[in-house]
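Trainee: Quick note: the sequence shown uses our numbering, first residue 32, plus one each step. This is the structure I have questions about; it appears just below.
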Amino acid sequence: MEHRLFFQRLRSHEAAFPHARNHFGRDARRRRCAAHDEPARLVQHAFHLPFGDRRERGGNASVIRRTSLSSALVVSLVSLLLAGCSEGGTEGPEGARHQAPGFELIRLDGLPVSLAQHRGKTVILDFWATWCAPCEVQMPVLDKLWEARGGPDLMILGISVDTDPADEVIEWVKERKLDYPIAIANQDLALEYGVIGFPTLVVIDPEGGIHTRHTGVLSRPELEEILEEIAREPRIGG
Numbered sequence: 032m033e034h035r036l037f038f039q040r041l042r043s044h045e046a047a048f049p050h051a052r053n054h055f056g057r058d059a060r061r062r063r064c065a066a067h068d069e070p071a072r073l074v075q076h077a078f079h080l081p082f083g084d085r086r087e088r089g090g091n092a093s094v095i096r097r098t099s100l101s102s103a104l105v106v107s108l109v110s111l112l113l114a115g116c117s118e119g120g121t122e123g124p125e126g127a128r129h130q131a132p133g134f135e136l137i138r139l140d141g142l143p144v145s146l147a148q149h150r151g152k153t154v155i156l157d158f159w160a161t162w163c164a165p166c167e168v169q170m171p172v173l174d175k176l177w178e179a180r181g182g183p184d185l186m187i188l189g190i191s192v193d194t195d196p197a198d199e200v201i202e203w204v205k206e207r208k209l210d211y212p213i214a215i216a217n218q219d220l221a222l223e224y225g226v227i228g229f230p231t232l233v234v235i236d237p238e239g240g241i242h243t244r245h246t247g248v249l250s251r252p253e254l255e256e257i258l259e260e261i262a263r264e265p266r267i268g269g
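See the structure below:
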């Protein structure tokens with residue numbers, strides 16, 4: 032299955048886990064860990080366990096995992112998720128944000144899309160897959176946000192990492208009546224963005240820096256809060 036293939040590539044990707052640890056520790060938005068009575072975040076990792084689902088509390092994430100991984104690897108992954116709730120925060124004036132990796136893709140409607148063409152606006156990337164149940168929770172939220180705010184100041188792009196034929200992904204999207212732009216990318220792009228679970232949302236500021244990277248489902252108010260934070264920031268040359 033495609034999610035097993037993705038995890039195999041993730042394991043073989045040189046320095047994949049340190050890379051992801053750096054992103055969660057340094058680039059994650061500063062936010063407190065969720066209290067026990069708060070709604071759990073939904074996260075689905077790209078691997079499978081024969082003995083059934085397990086949910087682990089990791090800061091703002093309730094991690095759904097199904098695998099036969101070694102205990103050492105499980106500990107490493109849990110550590111990465113906990114790092115996302117640390118006090119690292121977004122890099123500010125003391126250091127430039129990490130620049131988002133560029134890409135050129137073809138949307139499901141046949142139009143080309145690149146990160147460069149949306150320079151000057153806030154961009155939300157949603158890494159997802161058809162086999163990811165939490166992604167189905169996130170996508171309608173993004174669709175409503177796109178309907179309300181998409182345009183000159185905001186681009187939302189879903190990026191599918193499915194290895195299924197494009198026609199099947201297109202049909203899946205049509206069945207759910209999603210209107211925001213969606214493209215299919217190879218899994219290397221997900222690795223470049225430090226994706227270790229789905230959905231992963233990456234919010235890029237108008238200068239191309241990564242403002243927020245979040246693994247799990249974000250609500251509409253949380254997304255609006257991020258957009259307002261970016262809108263309040265001084266613009267270079269502005």
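A virtual CB, placed ideally from N, CA and C, is assigned to each residue, including glycine. Model, not experiment: these values are computed from the prediction.
In terms of residue numbering, what span does the alpha helix (DSSP H) encompassing LEU222 cover?
Mentor: 218-223
Trainee: Is GLY89 helix, strand or coil when you go by DSSP?
Mentor: Legend: pLDDT at GLY89 = 28, less than 50; position of this residue unreliable, value from coordinates given subsequently. Three-state DSSP puts GLY89 in a strand.
Trainee: So, for ILE241: in the same chain, excluding its five sequence neighbours on each side, which residues have a beta-carbon less than 7 angstroms away from its beta-carbon?
Mentor: Excluding positions up to five away in sequence, the list reads ASP58, ARG128, HIS129, ALA131, VAL233 and ILE235.
Trainee: Nearest to PRO193 by CA position, among LYS152, PHE158, GLY182 and PRO237, is which residue?
Mentor: Before going on, a small fix: residue 193 reads as Asp here, not Pro. Of all alpha-carbon atoms in LYS152, PHE158, GLY182 and PRO237, the one lying nearest the alpha-carbon of ASP193 is that of PHE158.
Trainee: To the nearest angstrom, how far is it from the Cα of CYS166 to the Cα of THR243?
Mentor: 18 angstroms
Trainee: Could you tell me which residues DSSP puts in a beta bridge with MET186?
Mentor: MET186 pairs with VAL154.
Trainee: Which residues in the same chain have their Cβ closer than 6 angstroms to the Cβ of SER145, if we skip the five residues on either side of it in sequence?
Mentor: Taken in chain order, the residues that qualify are GLU135.
Trainee: Using beta-carbon positions only, say whether THR246 and PRO265 come within less than 9 angstroms of one another.
Mentor: no
Trainee: Kindly identify the DSSP beta-bridge partner or partners of ALA214.
Mentor: ARG138 and ILE190.
Trainee: Here's the rule: buried if 16 or more other CB atoms are within 10 angstroms of the residue's CB, otherwise exposed. What is ASP84?
Mentor: Only weak support exists for where ASP84 lies, its pLDDT of 27 falling under 50; the value from the coordinates is given anyway. When all chains shown are included, ASP84 counts as exposed.
Trainee: When the Cα atoms are used, what is the spatial distance from LEU173 to PRO196?
Mentor: 24 angstroms
Trainee: Exposed or buried, which one is GLN148 when buried takes at least 16 other CB atoms within 10 Å?
Mentor: exposed
Trainee: Buried or exposed for ILE227, please, with buried defined as at least 16 other CB atoms from any protein chain shown within 10 angstroms of its CB.
Mentor: The residue is buried, with at least 16 neighbouring Cβ atoms inside 10 Å.
Trainee: With PRO196 as the anchor, note down where its alpha helix (DSSP H) starts and where it stops.
Mentor: Unbroken run through PRO196: none, as it is neither H nor E.
Trainee: Check whether the Cβ atoms of TYR211 and GLY181 lie closer than 9 angstroms to each other.
Mentor: yes
Trainee: Near ARG138, what residues of its chain come up, given a Cβ to Cβ distance below 6 angstroms and the 5 sequence neighbours on each side ignored?
Mentor: VAL144, PRO212 and ALA214
Trainee: What does a CB cutoff of less than 6 angstroms around ILE155 pick up in its chain, not counting 5 residues either side in sequence?
Mentor: ILE187 and VAL234
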